[in-house]
């Protein structure tokens, strides 16, 4: 920078600094010192102004981190935006419980880091470069960085390979647990944000009702409510909303961008009428229209015209999808002309809406504007086709596909969603902007750009913003940190990168997930036609009573039956229990067998209830002996699958073949026996009334039975074709649930998956949209020459390259080889490759290479040139924003309503109000306190009473002195333990040894005092029982000091157990079975794909991105590879390696289907964890 330019900018900076100082002084004068000091934003402004003065003074004007404080000044104006301020308050209020979860997460992470230091400290020394010197478990700092790299799925497959190469295959379990356990803790922490956001929404709704003057009393007296829609909504308002109109209140109110709820319309009006109602996107009926020609309103809403629009919109998408690079010019021109002509047709419905409904009403329909834009693109292409020779201009053709989104978006109510969601996106953009400015100030001059890494830097504002966005998404942030380390800014680089990751993954992305989940859940519950009346007061306090709003005749209809668990609190069950028992005993059948095995009179039209064969099979299938034998057979089949390989010896193949035959015969006999007991499809009409509740479901009416049918068919096929026997892996679900022993927790999760199609259709259309856009931008433009020195197609084609490696002693000259103008496998040349590439970019953790390739395109006949088309970065940024921050989150949001309904059904609280559920949510805490009080009753002697007083004495902070002292000492002990590293001084080792012995003595003394005070019964508490386990392990560790020294890290667990944060995890006590079933379902998916992958890709041992330790040669190896892929860590590289193998045609559907299922499963697991604090109580505030 020149001297004159420097002086100019310094003068502007001084003037601005003077202005902000004068503004701050005036604000202090007018607001007062107390109000100014009490505002957190004021402290930020003071700090920025002080550091601004220090930047003007010559001795300190070169300190970069002081200059970076200028980037924090916009934070003082962020509070001026009301919506953003509300979201910020949600984050701050959730900190009351989130802090406990964060503390647990940090201690857990420090535990794994210290464990890695003690167990693998000298094993990962690879080179002498700077990155190699700080890589590994040399000290706790490098261990934390490495574990964060693994936890964020940042190319952690390389770390697994390195550790397995030096420590063995079993060491991979360390990384697997280090990824899974903190992930669960964080999801539970995210549930606190959802909990406080819902509280904020409830309070805001109450304030809106109070401000509008619509009190509950007026609504109950003056409004006729419709129970199917929810309390407080009038029938007339509901019908008006269904017709797309606003209530007739004298003034016509319109909302821009309102969508119809297609699912609600399907439930109420069936498919045909629901599709017709999609086109009725205006908000006035023809009778209310004041347009020029009211008959036009009838035409635009007619069935024939609606069908014509659907066909035209579908044709617009298909015509753009069939294009591909290298297509004939004549055919391509005809297809494009047809697409343009069809797009012009969309101006006709807009004109009809304007004539039929008026300009105001038609203008409020957002689809009309998209139709006008689509028609404009068609007119432009027909009038000036030469403009579309430019790739950027060709991108506007995708507007013609927008109309097709009209038929898939109405599954969710967008009203009220856009404001909060846009505010969250604004927070993300604001954070990126601040980090970009800060990074430019800190790293602009000495940031080095290596050739082998992403081409980003902090030298310009746009480059800094792009680099910050890459770190924000978690793509190769560890390599970015290594680059910052090379500049010599160690502490600043760590603080910059890790703080950006913290705001991204722990604050802003959970906030977006919370907004989507709550809004979609609220929309689902408001539009649920099966909403049941609420019952209050709580069941635990008094017997349930029926509300006055529910008629007695409706009571029997509203009780939701459940096949395996009765609804708690229903009085009819207690009144008729003795009568049912007497009738069952008179029939000569045990009650528990009748409840499970009662079926139609004649199963298979042959076996009557009194048939000896059927009675014998009924008793046999209902016995615990048969259940154990069936489970053992399932386990035997699972164990046999672990020995399956693509290439195996003849002896192993014969043994597995015999096992498959025995397995097939056993389960075919079982299927026949169940058909005799339960029947096939039909139900008996004349079942006695007392047995209808206990009537068993026919075999083929239970979805679980179809798994047995599929497994039997595949195992039977495996008798004749050996690879097919791996299909019996689907029977592994029998360990979770079966026809006669249903697992209600697993069933609740499975029923949530029935709603997957609603999001899949929507995402599929979005993928088609971006695939077409990518084809318009990059079709035929990602080619390159096999000779890297040539950058033009004309220079590349022909015999011009010399293959010196093919020459031998017998040849005097090197052989010539043909150069080829090729494109990568992941490109946009045709629709199939384009949609696969978009899917890879939206899911993989390392998406930056595809972005740099797109930004380097030059033309169809020239190669790539660095940053030649930088504006294409918007295409990739939009893919990440649409899919990662919105599309994939819709799975979680859609699962929330059915999951809560199924859970409340299993808990027997479906008919109860939210207040009742809040009371029920306090049961774990009440039982915990009750059990704790029971355990703390001392023994009847004087010494026990003295020790009891000592143990129960509390400090002013609310912690018991004994627990506080032991917790603080263990924290000090763990701190010194974490300080151990390679080459640690002798004094540090001696201090750790002394602290270990003293800590072990404290644990023994505490255990002995509690034993003398309360006796053996105090071990019934999990916390104290775990103390006994820690003492036993430490005794073994002290006996074998060197070999098992890493087990001293169990002291971190003692820190968590004695710190008091476990009280925040008490809601898990009533929900842990759902979490366990979700984990088992996830393992089942991995196991199924691992078995199939072993057969398909077992010969891929040392392909690219696979290694000798991590491959598909065994089921365990396949399991590890797929677990790596399930974290979205460069999974496409494994797919590309599989494409080059012998089973290439199976690779793409195998990995794509696996990744789709993983996305769904991750969101289902997130729902289970996010629901932890639903209708719970705030333990911190005692509410």
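In my numbering, the protein residues as written are 47 to 1229. Beta carbons: idealized from backbone N, C-alpha and C, even for Gly.
The beta carbon of residue 221 is closer than 8 Å to those of 196, 202, 205, 206 and 209 in its chain, skipping five residues each way along the sequence.
Following the DSSP letters along the chain, one finds residue 774 in no alpha helix (DSSP H), marked with neither H nor E. Taking the C-beta atoms as reference points, residue 225 is found no nearer than 7 Å to residue 1101. Following the DSSP letters along the chain, one finds residue 408 inside the alpha helix (DSSP H) bounded by residues 405–409.
Ranking 821, 676 and 1096 by CA distance to the CA of residue 781 puts 676 first. Using a Cβ distance threshold of 7 Å, residue 1072 and residue 1064 do not count as a contacting pair. About 6 Å separates the beta carbons of residue 832 and residue 868, which is inside the 8 Å limit, making them a contact pair.
For the set 1203, 559, 366 and 1196, the Cα lying nearest the Cα of residue 447 is the one of 366. For residue 696, the three-state secondary structure derived from DSSP is helix. Contact between residue 725 and residue 649 holds: their C-beta atoms lie close to 4 Å from each other, under 8 Å. The closest CA to that of residue 773, considering only 1189, 518, 557 and 1140, is found on 1140. Secondary structure at residue 867: strand, using DSSP grouped into helix, strand and coil.
Straight-line spacing of the CA atoms in residue 549 and residue 932 works out to 17 Å. Non-local beta-carbon contacts of residue 193 in its own chain, meaning distances under 8 Å to residues more than five positions away in sequence, involve 155, 158, 159, 162 and 224 in chain order. Following the DSSP letters along the chain, one finds residue 1131 inside the alpha helix (DSSP H) bounded by residues 1118–1143. Straight-line measurement puts the Cα of residue 453 at about 38 Å from the Cα of residue 913.
By alpha-carbon distance to residue 213, the top candidate from 51, 1155 and 1159 is 1155. Annotation: residue 76 to residue 87 spans about 16 Å, alpha carbon to alpha carbon.
Judged by DSSP in its simplified three-state form, residue 1006 adopts strand. The stretch 1180–1187 makes no contact with the stretch 1117–1126: fewer than 3 CB pairs, one atom from each, lie closer than 8 Å. Counting C-beta atoms within 10 angstroms of its own C-beta, residue 558 has 16 or more neighbours from the protein chains shown and is therefore classed as buried. Ranking 766, 909 and 886 by CA distance to the CA of residue 834 puts 909 first.
Look at residue 908 here: in three-state DSSP terms it is strand. By the Cβ-count criterion, residue 395 is buried, with 16 or more other Cβ atoms from all chains shown falling within 10 Å of its own Cβ.
DSSP places residue 453 in no alpha helix (DSSP H); its state is neither H nor E. For residue 727, the secondary structure class from DSSP, reduced to helix, strand or coil, is coil.
Contact between the stretch 342–352 and the stretch 428–437 is absent: fewer than three C-beta pairs spanning the two stretches fall below 8 Å. Where residue 1099 is concerned, the enclosing alpha helix (DSSP H) starts and stops at 1097–1104. Contact check for residue 1213 against residue 1120 fails: the beta carbons are separated by 7 Å or more.
DSSP places residue 649 within a strand segment (E or B) once states are collapsed to three. DSSP, reduced to helix, strand and coil, places residue 348 outside both helices and strands of the structure shown, so it counts as coil. Residues 93, 94, 97 and 98 of the same chain have their beta carbon placed closer than 8 Å to that of residue 115, with the five preceding and five following residues left out of the count.
Linking residue 748 to residue 876 through their CA atoms gives a straight-line distance of about 43 Å. The C-alpha of residue 126 lies about 20 Å from the C-alpha of residue 80. Bounds of the alpha helix (DSSP H) holding residue 1184 are 1177–1185.
In the three-state reduction of the DSSP assignment, residue 73 falls in the helix class.
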